[in-house]
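The structure appears right after this line, and notes come after that.
If you want it as structure tokens, here you go:
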């Protein structure tokens, strides 16, 4: 294995610090082009001629009592095929993910 690669599991704890999510469990899909984030109360808006999206997430799996509010620049709206096979339009944001000491910029579509 080369020095820039490392082994990760199918589920890992990561940080999305730009969204204020210091610890969130993620499912790893090495073949996916974008990542999905389960969100609710999703609202796109414009401020100073820039598009943003605000949304809420439950950062701890299985715990609906803890809610984190997030805001991010909106980079796109895309048609995505849901797990049930239907086509849905979803908002896409760009943010940084941290896994251990490694950082990557990733695109995330918000899945309601």
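Residue numbers (UniProt numbering): 1 to 112. All C-beta atoms, glycine included, are put in the ideal place defined by N, C-alpha and C.
Going by Cα to Cα distance, which pick from the options is closest to residue i?
i: residue 89; options: 109, 100, 65 and 72; result: 109
i: residue 100; options: 14, 7 and 10; result: 14
i: residue 19; options: 82, 64, 62 and 39; result: 39
i: residue 54; options: 41, 62 and 63; result: 41
Less than 8 Å between the C-beta atoms of residue i and residue j, yes or no?
i: residue 72; j: residue 52; result: yes
i: residue 26; j: residue 47; result: no
i: residue 37; j: residue 57; result: yes
i: residue 8; j: residue 59; result: no
i: residue 17; j: residue 107; result: no
| Given 8 Å, three or more beta-carbon pairs between the segment 3 to 12 and the segment 64 to 78 | Contact between the segment 3 to 12 and the segment 64 to 78 is not established, with fewer than three Cβ pairs separated by less than 8 Å.
| query | Touching or not, the segment 61 to 68 and the segment 91 to 103, by the rule of three or more beta carbon pairs under 8 Å? | reply | The segment 61 to 68 is not in contact with the segment 91 to 103.
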